[in-house]
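Input: a single structure, listed below in structure tokens.
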Amino acid sequence: MAIYNQPLYYEIAFSFINPKKQVDNFENIIRRFSKIKVKRFLDIACGPSLQLEEIAKRGHGAIGLDLSSQMLEYLKNKAKKQGIKIETIKADMMRFKLKKKADFAFILMGSLIVESNSQFLSHLDSVAKSINKGGLYLIQNYYLDYKEANASWEMERKGIRVKTTYKSDFKNNLSQIYTEKVMLEVNDNGKRKKFINKRDVKFIFPQEFRTLVKLNNKFEFLGWWKATPSIWDLKKSLGKDKNLNGNIIILRKK
Ligand SMILES: C[S@@+](CC[C@H](N)C(=O)[O-])C[C@H]1O[C@@H](n2cnc3c(N)ncnc32)[C@H](O)[C@@H]1O
Numbered sequence: 000m001a002i003y004n005q006p007l008y009y010e011i012a013f014s015f016i017n018p019k020k021q022v023d024n025f026e027n028i029i030r031r032f033s034k035i036k037v038k039r040f041l042d043i044a045c046g047p048s049l050q051l052e053e054i055a056k057r058g059h060g061a062i063g064l065d066l067s068s069q070m071l072e073y074l075k076n077k078a079k080k081q082g083i084k085i086e087t088i089k090a091d092m093m094r095f096k097l098k099k100k101a102d103f104a105f106i107l108m109g110s111l112i113v114e115s116n117s118q119f120l121s122h123l124d125s126v127a128k129s130i131n132k133g134g135l136y137l138i139q140n141y142y143l144d145y146k147e148a149n150a151s152w153e154m155e156r157k158g159i160r161v162k163t164t165y166k167s168d169f170k171n172n173l174s175q176i177y178t179e180k181v182m183l184e185v186n187d188n189g190k191r192k193k194f195i196n197k198r199d200v201k202f203i204f205p206q207e208f209r210t211l212v213k214l215n216n217k218f219e220f221l222g223w224w225k226a227t228p229s230i231w232d233l234k235k236s237l238g239k240d241k242n243l244n245g246n247i248i249i250l251r252k253k
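Written as structure tokens, this is what we have:
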């Protein structure tokens, strides 16, 4: 997972988000849907999590789970420098359990990617074991629309320029396997570097997603809404929109 061992370049690539607005959105969504008071937030596949920094600054418990030691180390160092507390857990999001449950979990930027339906169900089991009853699980930019998944953009910070390219190609229609390719092309103050992630994963069609949530039986499906990277006002439910990939899905632990 070459690109996930590059937290700084990854953070620059995705620095178009506004973490303050995103955490405001969390608070609004919690007020509207959560059945419990939220003290502990869990960011699954957290990466360099600007969101956990904001959550910790607001005085809440902040926990980041990721498989990449480099990402977690980077996040811990940022927290230390700012004098805030972020707990980190190195674990596979497909199979994990927290020692102390969270009240709200989220997974952002299309990070919920699986290789099979059983992996998806195992992920739901893990999240269910890790959040309290009545708490929410928020999923952002779940890959609902395989037709619209190619993108490329550039971001810059302090002389480091990062071009990100995302591409997905269906490989096998019967098994719904597609190849996902993410590439970071970096110009770090004149030094050029390239990092590529390529892997085969399973597309779960939207109605299949709902059926699997029902089969898992540990969450209520509260809905799916249109969203931009940082505005999640849940005013518009997904409908006949051309691109479904800018979305928020909310589940509530039974
Ligand atoms: C697309 S990045 C998202 C990072 C961050 N949440 C954001 O919104 O920018 C995906 C992250 O998922 C992590 N990851 C990939 N597979 C994982 C797995 N099976 N379990 C836990 N983390 C995983 C990667 O290390 C990476 O940090």
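The numbering of the sequence shown is numbering that gives the first Met the number 0, which starts it at 0 and goes up by one.
For every residue, glycine included, the Cβ atom is placed at its ideal position computed from N, Cα and C.
It should be emphasised that the depicted structure is a prediction, and the values quoted were computed from it without experimental measurement.
Closest option to N242, judged by alpha-carbon separation, among S129, W152, N140 and I112: N140.
With 16 or more other Cβ atoms inside 10 Å of its own Cβ, M92 counts as buried. Inclusion of A44 in the 7 Å shell around ligand 1 follows from its C-beta lying nearer than that to a non-hydrogen atom of the ligand. Beta-bridge annotation (DSSP): D168 is paired with T178. The DSSP-derived three-state label of Y136 is strand. Cβ contact annotation for D240 (same chain, cutoff 7 Å, sequence separation greater than five): K225, in chain order. For ligand 1, no non-hydrogen atom lies closer than 7 Å to the CB of L7. Placement of the Cβ of M182 at a distance of 7 Å or more from every heavy atom of ligand 1 is found. Under the DSSP assignment, R251 falls in the beta strand (DSSP E) whose first and last residues are N246 to K252. Within 7 Å of the C-beta of M108 there is at least one heavy atom belonging to ligand 1.
Here N216 carries a coil assignment [DSSP, helix/strand/coil]. Annotation for N4: S67 and Q69 place their beta carbon closer than 7 Å to its own, counting only its chain and skipping 5 residues before and after.
Nearest in C-alpha terms to R209, of all of R160, I249 and F25, is I249. Taking 8 Å as the upper bound for CB-CB distance, L51 and D42 are in contact here, some 5 Å apart.
Between N246 and L237, the C-beta gap is smaller than 8 Å, which places the two residues in contact.
For G46 and D65, the gap between their C-alpha atoms comes out near 7 Å. Under the three-state reduction of DSSP output, K225 falls in the strand class.
E114 carries a coil assignment under DSSP once its states are collapsed to helix, strand and coil. Take V212, set aside five residues on each side of it, and the residues of its chain with a beta-carbon closer than 8 Å to its own are L123, F218, F220 and L250, in chain order. R39 sits buried, since 16 or more C-beta atoms from the chains shown fall within 10 Å of its C-beta. Relative to ligand 1, the beta carbon of F169 is positioned no closer than 7 Å to any heavy atom. Beta-bridge analysis with DSSP links R39 to G60. The closest heavy atom of ligand 1 lies 7 Å or more from the beta carbon of F40.
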